[in-house]
Amino acid sequence: MHTPLPRPLVALAKSKSVWAALALIVLLECCLFNMPHWRSLATGGASADQGPAPACLGPGLVRLPGGALKVSDPTQAWIETSSKTQPLEYLQVLQGGAGANGSERMLERVHVRLDLRAPGGQAWTPAGTATLSSSPSSDYLRNRSNVAQPAQARLWISEARGSLVAVSGLIVNPRVPFALRPARIGLMALVAALVIAFLPNSRLWRIHLDTGSRLQRLAFWLAMAPVGLWASWTVVIQIGGFVPGDFHEPGSYTYDFNQYGHLADTILAGRPWLDLPVAQGLAQAPNPYSVAVRERLLASGQGPIYWDYAFYQGHWYSYFGPLPALLLFAPYRALTSLFVPGGLMLPTPAAAAILVAGFTLTGSLLLVRLIRRYVPGASLGACAFALLTFLTGSQLTYLLYRDDFYAIPFDASILLSTLGLWLWLGARRVRPVSGGRTRPWRAEDNLEGCLALTAQEVRLSLPRLAAGSLAIGATLGCRQTFIAWGLLALPIFAPEIKAMSKGLRRTNPLSASQRTDDPLTIEPAFSAAILPAALLPVVLVALPLLAYNAWRFGSPLDFGNRHQITVVDLNRYRPPLSNLPWLVFYYLFQPLTGSQAFPYVQRFPAPLPVWQYAEPGLGGLFALTPILALALALLAFRRVREPLEETFAVPLLEVLLGLSAALLAFTAYMGGLNPRYMLDFSCLLALAAGLPLAQALGHDARRPGRERRVLRLIALACLLFGLLTCVLSCLTALEGQPLFDQVASWFAAF
């Protein structure tokens, strides 16, 4: 008996977009990515079975008994072969061989350069560079010069003296094998699925966003599952193979990346300073923060001097927020002490993975709640599109690969801030007319401009209000700039604030208004409960942190950052105001800088009129994620802005944009230019971008008009570009690792 296929499979089989995507993937994989194979056939490529071409070694290379090469002089480390004046398209480097006794360690990545010499000429022409790795595709070097028929080819080994490289020979014009890469095919399929899902006439745009739907909730948790699996895998790998990151060379600073582990040990020991050795000269120096003083101490052999640690009155401290150490690192040390004497230190990348996974969840939940609250009738497609915009625009990818102690305060703060806002947005509760559990208030619950705050159907959840305040107040113990998120309470609870004010005025005998039936009034008795619920959690967090500051540095407001050992003496340095316009431009609009080598972009330093701390960056926020600029520009259109005004979203958007601008200016002025400082304001901008996107991209079941279809295509192109820059950003950070080499090998022979 014939069993019919499920309807979704039938729809996929009939979809022209799916078949077009499949054809494009086959074309790209078989033709474009395997173009080196077809080119090698055109030049009569030789098989590797024919053996290497005769070659001679330069004086700077020594062939070891095991077949490997040793670099004795990098200035003459080359292998030369004749190309027989035939057209040279590719050169294959045969990898193999061992050291003298077979136990020496070979370089896993070998940097090489190809030079060619034309017939009758004396000069050598550069023909390209490459990095040999474990990937077979990296063995093939394409001739990128204008010397089509060279007489000789010379391969330079660009490694340090004493390096051992497993290079056994060269093959001129090899036959590049045809190869299908499952990972590459899977990545193209993922991109194709994303494009098909957000095409202008996709069914996702016609599905209503329903947070109560079990199917949509299941889809959300399935989307979050890979992040949870990544975090779990990272934690297991890091704990299983943890090696403390402590780097010290004589005459140089000590770089200890276990700062949060040391801080946890300090908390458990009950002392304010870190248990780290102190150089006698540094303790006795009249100004240990002077760069010149520190350089003289290092030159005289005094150390260690820990870089980016705080030094105060003869002791080392951490100027980073202590809350992650208290909640993650100290409990792990205490728990493992039950099984291992003294306990174990929690690897910083493991803690970072936990916090980043938590932020991915809380940030996504927050944006869904924002859209459900302020964009009635939003579609599932608009919500999913806004989610991808938020995750790319908030610089999530930076947090994925930056897993050292510098990122921990940002990870924790952004997790706590988004959690706090999510709780606040769920504090105003509505009981459905049909009964049952309460749900968060939405804009469509408003009746003729009246929130009916005193009605039985609407109430304020004090536990959620207090929990949100506690989460946002806790950012004081992480990255202190995130406490500014607390100002978002003003637009979120504006009706409650006005109702409380009316209630207080009504009880005032001098007040002219004596109405008792005003639904926008909260009685003073309830106000007396709301204020402690909102403010007391912040006080309970702030007081211990301020006391901790006073215990360490003698002042409640001294968080320790001016005592850090860094590039300048922060006690005397004053940032130049003239740099501020340039820094704002770089943070938002610095264009990407291309590169001839994979991944074809590079971090580029940003020049400033006056010296200030500045790290090279890949690009500005709007240059990396243009979808943010497009989304914010949509607010200028009346069709987008007016519906958001009707749902009371505009005051929240104004505070989000104002806070992001203030934090951008403050961070740029005080901290200079650093890609991680972008996190201070990027998440706020990404949240603000979600609402106009969800409103403009369509939230009804009608067939989209031409304008909306064009807007969806433009937005999709901007989103894809942002996702591409996220991938490139990760690749630039992963250079030198196996994953980078595998991806680079896909393009090595082009």
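In UniProt numbering, the protein residues as written are 1 to 750. Note that CB positions come from ideal geometry on N, CA and C, so glycine has one too.
Taking its Cβ as the centre, do 16 or more other Cβ atoms sit within 10 Å of Q596, making it buried, or is it exposed? exposed
Who are the Cβ neighbours of L303 in its own chain at under 6 Å, not counting the five residues just before and after it? For the record, residue 303 in the displayed sequence is Gly; it is not Leu. Contacts found: A279.
Under the rule that 16 or more other beta-carbon atoms within 10 Å means buried, what is M678, buried or exposed? buried
Using the C-alpha atoms, what's the distance from F622 back to P491? 26 Å
For the stretch 300-383, list the beta strand (DSSP E) runs that are entirely contained and at least 3 residues long, ordered along the chain. 310-312 and 315-317
Would a C-beta distance cut-off of 8 Å place L155 and L170 closer than the cut-off? yes
Which residues mark the beginning and the end of the beta strand (DSSP E) in which G169 is found? V167 to V172
Distance between I530 and L462 (C-alpha atoms, nearest Å): 7 Å
Under the assumption that G363 contacts S413 (Cβ atoms under 8 Å), give the Cβ distance between them as a whole number of angstroms. About 12 Å separates the two Cβ atoms, so there is no contact after all.
Residue of A484, R175 and T254 minimising C-alpha distance to P277: T254
Leaving aside the five residues before and after L57 along the sequence, list all residues of the same chain whose C-beta is less than 7 Å from its C-beta, in chain order. R63 and I79
Just the Cα atoms here: how many angstroms apart are T438 and F482? 30 Å
Flag this pair as touching only if the stretch 538-550 and the stretch 584-595 have three or more C-beta atom pairs under 8 Å; answer yes or no. no
Taking C-alpha atoms, which residue in L657, A629 and R562 lies nearest to M670? R562
From the DSSP secondary-structure annotation, give me the bridge partner or partners of K70. V62 and L164
Using the beta-carbon count (16 or more within 10 Å), is Q590 buried or exposed? buried
By the DSSP assignment, the alpha helix (DSSP H) with H37 in it spans what residues? M35 to A42
To which residues of the same chain is D246 closer than 6 Å at the C-beta, ignoring the five residues directly before and after it? D256
Starting from the C-beta of F747, find all residues in its chain whose C-beta is less than 7 Å away, skip the five residues before and the five after it, and write them out in chain order. F598
To which residues of the same chain is L116 closer than 6 Å at the C-beta, ignoring the five residues directly before and after it? T125, A127, S145, V147, P150 and A153
Taking the straight line between their C-alpha atoms, what separation do you get for T516 and L657? With a pLDDT of only 44 at T516, under the threshold of 50, the placement of this residue in the model should not be trusted, and no figure is reported.
Near P200, which residues of its chain fall below 7 Å by C-beta distance, leaving aside the five closest residues on each side in sequence? P704, R709, R712 and L713
Here's the rule I'm using: 16 or more other beta-carbon atoms within 10 Å means buried, otherwise exposed. How should A701 be labelled? At A701 the pLDDT is 49, less than 50, meaning the model places this residue with poor confidence and gives no usable figure here.
Going along the chain, which residues of its own chain have a beta-carbon closer than 6 Å to the beta-carbon of A192, five neighbours each way excluded? A21
Residue span of the beta strand (DSSP E) that contains I79, given as start and end: W78 to S82
By Cβ distance below 8 Å, which residues in the same chain neighbour L204 in space, the five residues on each side in sequence not counted? A197, F198, S379, L380, G381 and A384
Using the C-alpha atoms, what's the distance from S527 back to R428? 14 Å
Helix, strand or coil at L510 according to DSSP, with G and I counted as helix: With a pLDDT of 44 at L510, under the threshold of 50, the modelled position of that residue is not reliable, and no figure is offered here.
Alpha-carbon to alpha-carbon, F329 and G554: 25 Å
Rounded to whole angstroms, what is the Cα-Cα separation between G690 and Q737? 35 Å
Per-residue DSSP class, three states only, for F410: helix
Going along the chain, which residues of its own chain have a beta-carbon closer than 7 Å to the beta-carbon of L334, five neighbours each way excluded? It should be pointed out that residue 334 corresponds to Ala in this sequence rather than to Leu. Once the five neighbours on either side are set aside, the close Cβ partners of A334 are L268 and G343.
In the DSSP assignment, the beta strand (DSSP E) including H262 goes from what residue to what residue? Per DSSP, H262 belongs to no beta strand (DSSP E); it is in the alpha helix (DSSP H), Q259 to A269.
With DSSP as the reference, label G128 as helix, strand or coil. strand
When you compare only the Cα positions, how much space is there between P409 and V541? 16 Å
Burial state of V291, where buried means 16 or more other Cβ atoms lie within 10 Å: exposed
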